[in-house]
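The letter at position 80 of the sequence shown is residue 80 when you use the UniProt record's numbering, and the numbering goes up by one with no holes. By construction, the Cβ of each residue, glycine as well, lies at the ideal position given by its N, Cα and C atoms. I have placed the structure first, in the form of structure tokens, so that the comments after it can refer back to it.
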Amino acid sequence: MKYAFSTLGVPGMPMSDVARLADATGYDGVELRAHPEEPVHPSIGVEERADVVEQFDAAGVRILAVAGYARVAAPGDDEPVYEELRGLLALARDLGAPYVRVFPGGGDGQSQEEADATAARRLGLAAETAADMGVRILLETHDSHRTGAAAARVLGPVGHKNVGALWDVMHTWLGGETPVAAHAVLAPHLGYTQVKDIASADDTTPLALGAGVLPLGECLGLLDDDAWVCWEYEKRWYPRAADLPDLLTVGREYLEQVGR
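Structure (structure tokens):
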């Protein structure tokens, strides 16, 4: 397997430092949080994008994904969502990242059917743009569609190779889905998998991998040998959590062990 970590765990860290950190701790890639708080987001210019590519190339580290915040099932007009998707896809293309992460983001007052149809329509229309840019849009198991079954309700009707799934193992677990059940419905669509660990369903403060309750070994055991696995350590949302850089090497070693 190949291993990455998310810059959600090192908020605000300069890209040169992120690339060096990944190289020093043995990670193959990095998922870049694409938010205005961070150094990389859709508003940065051509020269800044080229600099980021150069920094990661020099370190021999892959930019795995641009983790955006577009909410494809959200109520409202389609055009603002399309515009956000186009910006994320262009950023991923320019960085050489194969994936763009999006959220479902279905809202209150929507029926399940309305949220599913909205997300499928938007993803279907964005799929050709993604194909033209050589990027794949991945719908994360999150918020309104946190289980694999819920994500599959959207992805099945889309039916396009440039639209797939990002399996966040915490959310499917919180949604009451076993790893086997989640993987079974996500496998035909799966881009890569996000792992993390927590103390309980009531305390989602990030922990070192293996220190919590999530069934990480069972999840990794279901993946292909060449799968990408990304550690999403949510330091940005839990500032009192331990610093990620000190945990990275042991975390990778843990993933290598349980993923055998």
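(request) Select from ASP77, ALA73, ARG20 the residue whose C-alpha is nearest the C-alpha of ILE63. (result) ARG20
(message) Going by beta-carbon coordinates alone, are ALA165 and LEU190 separated by less than 8 Å?
(response) yes
(request) Specify the secondary structure class of ASP246 as computed by DSSP and reduced to three states. (result) Per DSSP, reduced to three states, the secondary structure at ASP246 is helical.
(request) Would you decide whether GLU38 is buried or exposed? Buried here means 16 or more other CB atoms lie within 10 Å of its CB. (result) buried
(message) Can you tell me whether TRP237 is helix, strand or coil according to DSSP?
(response) coil
(request) In the DSSP assignment, find the unbroken alpha helix (DSSP H) run with TYR82 in it and report its ends. (result) 79 to 95
(message) With a threshold of 8 Å on Cβ separation, who are the neighbours of LYS235 within its own chain once the five nearest residues in sequence on each side are excluded?
(response) Excluding positions up to five away in sequence, the list reads LEU8, GLY9, VAL10, PRO11, PRO206, ALA241, ASP243, LEU244.
(message) Can you tell me where the alpha helix (DSSP H) holding GLY29 begins and where it ends?
(response) From DSSP, GLY29 is part of no alpha helix (DSSP H) but of the beta strand (DSSP E) over 29 to 33.
(message) The alpha helix (DSSP H) that contains ALA165, what's its start and end?
(response) Careful: ALA165 lies outside any alpha helix (DSSP H), inside the beta strand (DSSP E) at 163 to 168.
(message) On the criterion of 16 or more Cβ atoms from any shown chain inside 10 Å, does ALA50 qualify as buried, or is it exposed?
(response) exposed
(request) Tell me where the alpha helix (DSSP H) around THR118 begins and ends. (result) Where THR118 is concerned, the enclosing alpha helix (DSSP H) stretches over 112 to 133.
(request) Can you tell me which of VAL61, PRO157, ILE44 puts its alpha carbon nearest to the alpha carbon of GLU31? (result) VAL61
(request) Note down the Cα distance separating ASP77 from PHE56, rounded to an integer number of angstroms. (result) Taking C-alpha positions only, ASP77 is separated from PHE56 by approximately 37 Å.
(request) For residue 261, count neighbouring Cβ atoms within 10 angstroms of its own Cβ and tell me buried if that reaches 16, exposed if not. (result) Since the first residue shown for the chain is 1 and the last is 260, residue 261 is missing from the structure and cannot be characterised.
(request) Look at the alpha carbon of ASP23 and the alpha carbon of THR141, and state the distance between them as a whole number of angstroms. (result) 28 Å
(request) Within 10 angstroms of the Cβ of THR172, are there 16 or more other Cβ atoms? Answer buried if so, exposed if not. (result) Classification of THR172: buried, given that the 10 Å Cβ count is 16 or more.
(request) Could you please give the first and the last residue of the uninterrupted alpha helix (DSSP H) stretch that includes ARG71? (result) Careful: ARG71 lies outside any alpha helix (DSSP H), inside the beta strand (DSSP E) at 62 to 71.
(request) Below 7 Å CB to CB, which residues in the same chain sit around SER200 once its five sequence neighbours on both sides are set aside? (result) VAL213
(message) Which same chain residues end up closer than 8 Å to VAL258 when comparing Cβ atoms and leaving out the 5 residues on each side of it in sequence?
(response) Result list for VAL258: GLY210, LEU216, GLY217, LEU220, GLY221, in chain order.
(message) So for SER16, helix, strand or coil by DSSP?
(response) Helix at SER16.
(request) Tell me, please, whether the CB atom of ILE198 is closer than 8 Å to any CB atom in chain C? (result) The structure shown contains no chain C; it holds only a single protein chain.
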